[in-house]
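Down below is the structure, laid out as structure tokens.
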Ligand code: SF4
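Residue numbers (the numbering used here): 1405 to 1635.
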């Protein structure tokens, strides 16, 4: 299988663990604020990392690395995901999976087979605006809601997260999201970061004060909510 990106060591991608991160290309969304646009739009055109090299690296780093994050793109689209998880698990690593939540069946299968240990699921917007924020006509909201409701039942450690973009989100949007995912164990409001890799240019981050204000509103329904990446 093609691994489109590989971070050998990170403290940011797997909460509480020193981890490596693998990126699988391709995505069924076109979020305008996506910062991995080349992975989404041209997954086969960038660098490719041989799986055997990555597994060799992970084998050598046992005892140093504490987990592996599989990110994207949308990793659940890759037909090799299950086999990849099996290979990583055989080395003894816990796995965190980043997902947009459009494949609840596979998430449940992988969790049920103990092939993933942690899920980070994006919440792009309240349900009413999902297609616009996902950049597609049909955002498969029924499937996303199935993933939300399943995670809310605490089948494994998880987090929800929303990248907050000044031009795309309002306080009311974040309140509606918090009503949707009320009871979430973990919810992060993440700061948008501009870069040349963004799907569409012209967006900006909210100020620290604005993010703090949004957090206070969200915490009325999700007391454990936190900010991430806000300087
Ligand atoms: S932000 Fe995530 S879900 Fe959206 S296009 Fe990028 S990789 Fe896909």
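Even glycine gets a Cβ: it sits at the ideal position worked out from N, Cα and C.
A contact is defined here as three or more CB-CB pairs under 8 Å, and the region 1557-1565 fails this definition with respect to the region 1599-1616.
Note that the region 1484-1491 does not touch the region 1430-1449; fewer than 3 beta-carbon pairs, one per stretch, sit closer than 8 Å. Pairing residue 1528 with residue 1609, the inter-Cα distance amounts to about 15 Å.
Distances taken from the Cβ of residue 1576 to the heavy atoms of the ligand SF4 include none shorter than 7 Å. Shown here for residue 1432: same chain residues with a beta carbon closer than 8 Å to its own, the five before and five after excluded, namely 1478, 1481, 1504, 1506, 1540, 1544 in chain order. Per DSSP, the beta bridge partners of residue 1475 are 1427. Taking 8 Å as the cut-off, the beta carbon of residue 1621 is found no closer than this to the beta carbon of residue 1581. Under the Cβ criterion (8 Å, minimum of three pairs), the region 1520-1539 counts as touching the region 1488-1502. Where residue 1464 is concerned, there is no enclosing beta strand (DSSP E), although the alpha helix (DSSP H) around it starts and stops at 1455-1464. DSSP, reduced to helix, strand and coil, places residue 1562 within a strand of the structure shown. Bridge partners of residue 1523 according to DSSP: 1501, 1562. Note that the C-beta distance between residue 1424 and residue 1462 is below 8 Å. Ranked by Cα distance from residue 1551, the options 1623, 1415, 1427, 1513 are led by 1513. 1408 is the residue among 1587, 1408, 1475 whose C-alpha sits nearest the C-alpha of residue 1447. Counting the other CB atoms within 10 Å of its CB gives residue 1468 a total below 16, which places it among the exposed residues. The residues 1421, 1422, in chain order, have a CB closer than 6 Å to that of residue 1470 in the same chain once the five nearest residues on each side in sequence are set aside. Bounds of any beta strand (DSSP E) do not take in residue 1420, whose DSSP letter is neither H nor E. Distance from residue 1615 to residue 1435 at the Cβ level is roughly 19 Å; contact not present, criterion being Cβ atoms closer than 8 Å. Close CB contacts of residue 1564 within its chain, under the 6 Å cut and outside five residues either way in sequence, are with 1525, 1527, 1585, 1588, 1591 (chain order).
Apart from sequence neighbours up to five positions away, the residues of its chain that approach residue 1537 with a beta-carbon distance below 7 Å are 1435, 1528, 1529, 1572, ordered along the chain.
Per DSSP, reduced to three states, the secondary structure at residue 1568 is strand.
Not one heavy atom of the ligand SF4 is found less than 7 Å from the C-beta of residue 1563.
Scanning 1472, 1568, 1508, 1509 for the CA closest to the CA of residue 1493 turns up 1472.
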